[in-house]
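J.: Residue numbers (full-length UniProt numbering): 1 to 194.
Sharing a structure here in structure tokens format.
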């Protein structure tokens, strides 16, 4: 297992990328199109994802610091290695906070939509993977297809599930955690919302 450090596992840029990937997957456009307003500051969807990623990161870091204070004499978040047990405790706390933040974000949104999603897709730049195919007619069709997918999704539960799965895949790939045999043991750390 690669060493775990609190600063690495709670990096807000990583959280932001995973949330954005989860949204692109939900719209079934990952690898095909990039919706610029999902990551460009000033657009409601990008601001929502940025705020959520900062919240996730802060909760992970704060919880990690509290746990570290009880287990280490001199803890440095970028140099002191964490154990899997500590990561599990941090993750449980984070999942509660993520669930709360995601649900709060939907309180004023119709049909459990991500804030500003419709505006982002209707008015924002959409970049196709193959820029040669990006003529006006094909982009209009792509925009309509993305809007249709956006309307079909219920984001409150699915966005959380997708992010969680992305985070577990990230930890598995980068830190050799949660291998196939470990996944069953870690199911308890994946909250079931329904």
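Glycine included, each C-beta is placed from N, C-alpha and C at the ideal position.
Bear in mind that the values here come from a model prediction, so they are computed numbers and not experimental data.
1) Compare the C-alpha of residue 48 against each of 68, 15 and 32 and name the closest.
2) Would DSSP call residue 16 helix, strand or coil?
3) Alpha carbon to alpha carbon, how far is residue 41 from residue 139? Give it in angstroms, no decimals.
4) So residue 114 and residue 35 are supposed to be a Cβ contact under 8 Å. How far apart are they, rounded?
5) Would residue 162 pass as a contact of residue 25 if the rule is Cβ separation under 8 Å?
6) Considering Cα atoms alone, identify which of 6, 96, 142 and 117 is closest to residue 129.
7) Over the uninterrupted alpha helix (DSSP H) stretch that includes residue 80, give me the two end residues.
8) Which value, in whole angstroms, describes the spacing of the CA atoms of residue 10 and residue 160?
9) Spell out a yes or no on whether the stretch 51-62 and the stretch 149-156 are touching, meaning 3 or more CB-CB pairs, one atom from each, closer than 8 Å.
10) How about residue 39 and residue 57: are their beta carbons less than 8 Å apart?
11) Assign residue 169 to one of two classes, buried (16 or more other C-beta atoms within 10 Å of its C-beta) or exposed (fewer than that).
12) Going by C-alpha distance, which of 54, 37 and 22 is nearest residue 123?
13) Under a three-way DSSP split, which group does residue 33 fall into?
14) Mind checking residue 6: buried by the 16 CB within 10 Å criterion, or exposed?
T.: Let's see:
1) Counting from 1 along the chain shown, the entry for residue 48 is found at position 48. Ranking the options by Cα distance to residue 48, first place goes to 15.
2) In the chain shown, the residue the question calls residue 16 occupies position 16. Three-state DSSP puts residue 16 in a helix.
3) By 1-based counting over the chain shown, the position of residue 139 is 139. By 1-based counting over the chain shown, the position of residue 41 is 41. Between the C-alpha atoms of residue 139 and residue 41 there is a straight-line separation of about 23 Å.
4) Here residue 114 is taken as the residue at index 114 of the chain shown, counted from 1. Here residue 35 is taken as the residue at index 35 of the chain shown, counted from 1. Between residue 114 and residue 35, the beta carbon gap of about 11 Å keeps them out of contact (Cβ cut-off 8 Å).
5) Walking along the chain shown from the start, residue 162 turns up at place 162. Walking along the chain shown from the start, residue 25 turns up at place 25. Judged by their CB atoms, residue 162 and residue 25 are nearer to each other than the 8 Å cut-off.
6) To locate residue 129, count along the chain shown from 1; it is residue 129. The closest CA to that of residue 129, considering only 6, 96, 142 and 117, is found on 142.
7) Residue 80 sits at position 80 when you count from the first residue of the chain shown. According to the DSSP assignment, residue 80 belongs to no alpha helix (DSSP H), since it is labelled neither H nor E.
8) By 1-based counting over the chain shown, the position of residue 10 is 10. By 1-based counting over the chain shown, the position of residue 160 is 160. Rounded to whole angstroms, residue 10 to residue 160 spans 17 Å at the Cα level.
9) Taking a contact to require three or more Cβ pairs closer than 8 Å, the stretch 51-62 and the stretch 149-156 do not qualify as touching.
10) Walking along the chain shown from the start, residue 39 turns up at place 39. Walking along the chain shown from the start, residue 57 turns up at place 57. No, the pair does not count as a contact, with Cβ atoms beyond the cut-off.
11) The count along the chain shown starts at 1 and reaches residue 169 at position 169. In summary, residue 169 is exposed, with fewer than 16 beta-carbon neighbours lying within 10 Å of its beta-carbon over all protein chains present.
12) Position 123 of the chain shown, counting from 1, holds the residue named residue 123. When each option's Cα is compared against that of residue 123, the closest is 37.
13) Position 33 of the chain shown, counted from the first residue, corresponds to residue 33. Residue state, collapsed to three classes: strand.
14) Taking the chain shown and counting its residues from 1, one reaches residue 6 at position 6. Counting Cβ neighbours within 10 Å, residue 6 comes out buried, since at least 16 surround it.
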